Amino acid sequence: MKISYYAARVVILAVLFITVVNANVLEVTPVQLSLSPSQRIGVLKVTNRSDEHSILQLSLLNWQQSLKGKDIYKISHDILLTPPLFVLPAHKTQIIRFALRHPTYNTMQKTYRVHLKEVQSPRQKKLGQTLYFLMDISLPLFVQPLHMVESAVWSIKVLDAHHMNLFLYIDGNISLFVNQWQLLSGHPQENLMKKHSTFTYILPHCSYSWIVKDDSNINYTDIQSNINGHSKKSPLHRL
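Read left to right, the sequence shown gives residues 102 to 340 (this note's numbering).
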């Protein structure tokens, strides 16, 4: 699947189920990057589908989250990206390699963002009447632990008669990507809540919350969710 964007500045958040991202004229694959103790080197392909060359720059950000799920970024040099700056001719493909600088045997997943940013060229600056789209593509990069544990806890809290707070806490050692959830009631005669679409990464030992607008008197007991590409039914704890 390819996704096209038409904006002056675009940040693409990678989806687990998409194998190719097409940002206006740049095609990137894969859209989620991973390294591990047994795989210290990875490859990223960038293809220029336009009729003009592009100047592209790579950078790495350490990616953390607050306890409530707010993203926090900091410049990092933990991973080698090469080439860091390159010219990509029209209709050509560039191979980018990323690698761990040192062996790692972490017990918790390490999380980063790789930014592939298009740099404005002098020729583009002169053409003041022409609008150019400068791409800024953000890809998640995960350094996996020796032993991966996927674990999460769902809970819900009533706020008032028509609002509830839904929480997801990650108590495993790897990140979870949630793209859909649906609250389930233990009584079939009660109306089912509609499926809720989302696009949320939650890092280890962090949480995220959603405001649910519905009748708070309904006794929701479980939740059906799509996490890391798999549908799963989980118990829903009342707070």
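From the three backbone atoms N, C-alpha and C, an ideal C-beta is built for every residue, glycine too. Predicted model, so just to flag it, every value in this text is computed and none were measured.
- prompt: Taking the C-alpha atoms as reference points, what is the distance between L284 and G330?
  reply: 18 Å
message: Please report the distance separating the alpha-carbon of W255 from that of L161.
response: 32 Å
Spatial distance of F157 from E219 (CA atoms): The amino acid occupying residue 157 in the given sequence is Leu; Phe does not appear at that position. The alpha-carbon atoms of L157 and E219 are separated by roughly 4 Å.
message: Would R214 and S239 qualify as a contact pair, given that the criterion is a beta-carbon distance under 8 Å?
response: yes
- prompt: For the candidate residues Y206, K171, I257, whose alpha-carbon lies nearest to that of M249?
  reply: Y206
- prompt: Whole beta strand (DSSP E) runs in the region 277-333 with 3 or more residues, listed along the chain?
  reply: 277-286, 297-303, 308-314, 321-328
- prompt: Which residue's Cα is closest to the Cα of V244: Q195, K193, T208?
  reply: T208
- request: Let me know the secondary structure DSSP gives Y206 once reduced to three states.
  value: coil
field: Whole-Å CB distance - D315 paired with M294, under 8 Å assumed
entry: 6 Å
field: Rounded separation between K296 and H338 - CA only
entry: 19 Å
field: Three CB pairs or more closer than 8 Å across the region 318-329 and the region 183-200
entry: no
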